[in-house]
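Following my numbering, the numbering of the sequence shown begins with 880 at its first residue and continues without gaps.
We treat Cβ as the ideally placed atom computed from N, Cα and C, and that holds for glycine.
As structure tokens, the structure follows; a few thoughts come after it.
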Amino acid sequence: GISGFEKACNYDADLIICDVLMPGMTGFEVTKKLKTEFATSHIPIILLTAKDSLQDKEEGYEVGADSYLTKPFSASLLRSRINNLLES
């Protein structure tokens, strides 16, 4: 989580796909920090995780995730979400 956050701050990404369960910093924390930083707040974030409770999904959207997909996931659904987010 920490190294991913640092990379996102130092690289101009078009989109970020982030897991929720990571050592050091959760995907929720990474998303919240990236969405509150001016330099990274515009980057769409997809949380891709095994955490599939309604509470987890709500938390993901509350911290600023643009999409929340659960594992196992459909590759075509992921591609569609990526395309839609990049187009908007």
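Please confirm whether any heavy atom of the ligand FMN lies closer than 7 angstroms to the CB of residue i.
i           : result
residue 894 : Looking for the ligand FMN in the displayed structure turns up nothing, as the structure carries no ligands at all.
Does the separation of the CB atoms of residue i and residue j fall below 8 angstroms?
i           : j           : result
residue 899 : residue 883 : no
residue 888 : residue 916 : yes
residue 923 : residue 964 : yes
Taking the straight line between their C-alpha atoms, what separation do you get for residue i and residue j?
i           : j           : result
residue 959 : residue 894 : 13 angstroms
residue 932 : residue 939 : 11 angstroms
residue 919 : residue 886 : 11 angstroms
residue 955 : residue 962 : 10 angstroms
Quick one: what does DSSP say residue i is sitting in, helix, strand or coil?
i           : result
residue 894 : coil
residue 900 : coil
residue 905 : coil
residue 919 : coil
Residue i lies in the alpha helix (DSSP H); which residues open and close that run?
i           : result
residue 933 : 933-941
residue 881 : 881-889
residue 955 : 954-966
Since residue i is in the beta strand (DSSP E), which residue starts that stretch and which ends it?
i           : result
residue 928 : 924-928
residue 949 : 946-949
Next item on the list: Kindly confirm or deny that the region 946-959 and the region 922-935 touch, where touching means at least three C-beta pairs closer than 8 angstroms.
Entry: yes
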